[in-house]
Amino acid sequence: MKRALISAFAAVALAVSGGSVATASEGAPPRTTHGPCQYTQTPDEPPARPVPLPPDPRRTPSRGTVDMAIPTSQGPLPLHLDRAKAPCTVQSFLHLAQHGFYDRTVCHRLTAYPTLKVLQCGDPTGTGEGGPGYKYKDELPVDLPPAPTDPTGARRLYGRGLLAMANAGPDTNGSQFFVVYGDSALRPNYTVFGTVGADGLTTLDKVAARGIEPTAEDPAPVDGTPVLRTELLRVRPSCRH
């Protein structure tokens, strides 16, 4: 299953894997953690890198923020994770980071649609199809304003600097995420779990300015591989509040 934020008029795609588990034998249901996040293995989509299911305590930490200091090949990309907005998502992201899942991975997709301007990362395969071998529930935003470019009111403003999860449909979050470098209009189907720091916006602007690699079919694409290869060198928490 291709995991991608498709267009301003479609959706993002992604997969998942997860924590303290019930064992399963061949032919039995996939293993699922017992806490509120219910991280569930995806046997048909094995992990791009070996990683266990995330911890899933009875009470998922839901207060405070976690700062991530992420050096990339194009400059710093600091992230501020918000536990209150998406506790299960932050729990999974930290788990993957602590296991080195994101280290030396490339942000494989840049979009430059008029209403969708994002850089998508988090797939060790660099194809848009890789994930951690588990999935988990959506924690959808309820406080995003209507997108001013959408007269129907169905889409919301995913503003510049937001950090959100890509997915392949409802409750299919995994490891892929996207950072918004320009205001975008999307249906509120993508979990928002933090923001990008000021230095990270500078890095995103640099990557976006160089654009997307042309292809034989499309010499001026608005969706594809960034010209500037952007590699996440090391993803670790730097501070917890």
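Taking our numbering, the leading residue of the sequence shown gets 0, the next gets one more, and so forth.
The beta carbon of each residue, even a glycine, is placed where N, CA and C say it ideally should be.
Asked, Found
"Which listed residue (34, 123, 221) has its alpha carbon closest to that of residue 46", "123"
"Element boundaries [alpha helix (DSSP H), containing residue 204]", "197-209"
"Cβ shell of residue 186 (< 8 Å), same chain only, five flanking positions each side left out", "10, 153, 154, 155"
"One or two residues paired with residue 136 in a DSSP bridge", "BP columns for residue 136 are empty, so no partner."
"Rounded distance between the beta-carbons of residue 162 and residue 178, thought under 8 Å", "6 Å"
"Host beta strand (DSSP E) of residue 120 (start-end)", "116-120"
"Contacts around residue 71, its chain only, beta-carbon distance under 7 Å, and the 5 residues preceding and following it disregarded", "202, 229, 230, 231, 232"
"Assigned exposure category for residue 238 - 16 Cβ within 10 Å defines buried", "exposed"
"Separation of residue 61 from residue 31, as counted between CA atoms", "21 Å"
"Whole-angstrom distance between residue 98 and residue 73, CA atom to CA atom", "23 Å"
"Opposing strand residues paired with residue 112 [DSSP bridges]", "115"
"Beta-carbon proximity list for residue 170, same chain, < 6 Å, skipping 5 on both sides", "136, 137"
"Limits of the beta strand (DSSP E) - the one that residue 64 falls within", "64-68"
"Minimum length 3: unbroken beta strand (DSSP E) runs contained in the stretch 25-82", "64-68, 78-81"
"Per DSSP, cross-strand counterpart(s) of residue 230", "105"
"Range covered by the beta strand (DSSP E) that runs through residue 236", "235-239"
"C-alpha distance - residue 225 paired with residue 210, whole-angstrom precision", "6 Å"
"Classification of residue 240 by the beta-carbon crowding that lies within 10 angstroms, buried from 16 upward", "exposed"
"Under the three-state DSSP convention, the category residue 146 falls into", "coil"
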